[in-house]
Amino acid sequence: MAEVLTPIQNSTESEIDPFWMPFKPHVLAPGPVAQTIVGSQWTGDTRIPPRRFHKVRLGKNTVLVVAELKPQAPNRPLVVLAHGMGGCSESAYIRRIARKLHEDGYGVFMVNQRGSGPGMGLCDRLFNGGSSDDLAAMLDFITARYPEAPLLPIGFSLSGNILLKYLGEGRALPSPLRAALAVNPPVDLKVASRAISEGPFAGTFNRYYLGLMYRQVDALRECFPDAFVPAKRARSIWQFDETYTAPAAGYASVEDYYASCSARQFLNAIDTPTTLLCSQDDPFIPPEVFEGMEQASRVRFVNPKAGGHMGYVSRRLTPHGDRRWMDYVCVEWVRAHTLKAER
């Protein structure tokens, strides 16, 4: 019989900690690359209830799309899920976590970053690791719809970097924002880009991510013929950032983009209770990029030994009946902050 992770109890502070049960990788996905690939390609149950889609217009050529699962229980926080590079509101992990939260009664907003998913072709450029203004606009839109509801944003991968930058760059934050969770955020964009572009299995990862990115670029080119698109296709994420991301967003160079937008420099200024989850074996984010994080007093750093990049395919079943430890942590993190708000 498969061993099952025990649900978090609702009494003491330690018992509502979603990380009290350590992650142990599945025996068929023992290493970081296997965890990353299996976690991405083994989608699991992605069925989801009907949603309402909202358009958030930021300008003539900039429309963001946000999907909403309406709250089923009163006084629960609203959870905002923001996807990683090449993803969207329809990514398997976003749909899985949204469904699990909705079944718990939470309202969930599944955002699409600029030019992503249902928003492909609605913006004349794509989002990047510094797109905190876009995130701010989406959070403000949600707060305007539910001004009394506590807000709990969760950013995955590149959106995790955006979320941390948003929290720490000194802007005014919505008063309902209670806490934040960043999952495997590449807080040093230069290091992460180099690791994807040149590290082990670089060919596999670059083909996969660039395939997703160029779907978005092709939609952009079709809908906005005058938009900036480089003539030659990149062969790595670094080249993509060098030839498209940096010039399209107005940065002087790819180095300027990485230096300006990496969230590591903003961590010490974060005043919102924030949890940063990143495995020690993430193939794109080496542990040394988090050195000195103990100075960020409001950021809690959780770094399990294994899990890859947003893989976390568990040896044991979670209370949801699957092996998705990342989903389990996200749901239990939301529950924990719900309990804190109720006390």
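The sequence shown finishes on residue 343 if you use the UniProt record's numbering, and the numbering steps up by one all the way, no holes.
Beta carbons: idealized from backbone N, C-alpha and C, even for Gly.
Bear in mind that the values here come from a model prediction, so they are computed numbers and not experimental data.
Beta-ladder partner(s) of residue i, from DSSP
{"i": "Arg-300", "result": "Thr-275"}
{"i": "Gly-155", "result": "Ala-82 and Ala-182"}
{"i": "Cys-123", "result": "Thr-62"}
{"i": "Pro-100", "result": "Position check: residue 100 holds Lys in this sequence, whereas Pro was assumed. Note: Lys-100 sits in no beta bridge, so no partner."}
{"i": "Arg-316", "result": "According to DSSP, which records beta bridges pairwise, Arg-316 is partnered with nothing at all."}
{"i": "Leu-177", "result": "Leu-151"}
{"i": "Pro-25", "result": "Ser-314"}
{"i": "Lys-55", "result": "Val-65"}
Continuous beta strand (DSSP E) stretch holding residue i: start and end
{"i": "Met-110", "result": "107–111"}
{"i": "Glu-68", "result": "62–69"}
Anticipated Cβ contact below 8 Å, residue i with residue j, distance rounded
{"i": "Ser-314", "j": "His-26", "result": "6 Å"}
{"i": "Ser-94", "j": "Met-120", "result": "Note that residue 94 is Ile in the sequence shown here, rather than Ser. No, Ile-94 and Met-120 are not in contact; Cβ-Cβ is about 16 Å, not under 8 Å."}
{"i": "Thr-318", "j": "Tyr-328", "result": "4 Å"}
{"i": "Asp-140", "j": "Pro-174", "result": "6 Å"}
{"i": "Gly-115", "j": "Cys-261", "result": "Between Cys-261 and Gly-115 the Cβ distance is about 17 Å, and since that is not below 8 Å, they are no contact."}
{"i": "Leu-181", "j": "Ala-263", "result": "Not really, about 14 Å apart at Cβ, beyond 8 Å."}
{"i": "Asn-112", "j": "Val-79", "result": "Not a contact, Cβ separation roughly 16 Å."}
{"i": "His-309", "j": "Thr-36", "result": "4 Å"}
{"i": "Leu-81", "j": "Ala-98", "result": "6 Å"}
{"i": "Val-38", "j": "Gly-311", "result": "6 Å"}
{"i": "Ile-162", "j": "Ser-132", "result": "6 Å"}
{"i": "Lys-24", "j": "Arg-316", "result": "7 Å"}
Boundaries of the alpha helix (DSSP H) in which residue i is found, first to last residue
{"i": "Ser-116", "result": "Looking at the DSSP string, Ser-116 is not in any alpha helix (DSSP H), and its letter there is neither H nor E."}
{"i": "Gln-41", "result": "32–41"}
{"i": "residue 346", "result": "With the chain covering only 1 through 343, there is no way to say anything about residue 346."}
{"i": "Thr-143", "result": "132–145"}
{"i": "Ile-196", "result": "189–198"}
Contact between the segment 216–230 and the segment 158–171 (3+ Cβ pairs under 8 Å): no
Any 3 or more C-beta pairs closer than 8 Å across the segment 46–63 and the segment 297–306: no
At least three beta-carbon pairs within less than 8 Å, the segment 202–209 to the segment 177–189: no
Ordered list of beta strand (DSSP E) runs contained in the segment 210–297, each at least 3 residues: 274–277
Given 8 Å, three or more beta-carbon pairs between the segment 73–89 and the segment 56–64: no
Sufficient close CB pairs (3 or more, under 8 Å) joining the segment 134–146 to the segment 252–267: no
At least 3 beta-carbon pairs within less than 8 Å: the segment 327–334 vs the segment 62–69: no
The segment 152–161 touching the segment 240–254, judged by at least three CB pairs closer than 8 Å: no
Given 8 Å, three or more beta-carbon pairs between the segment 276–296 and the segment 27–37: yes
Cβ contact check for the segment 302–316 and the segment 267–279: 3 or more pairs under 8 Å: yes
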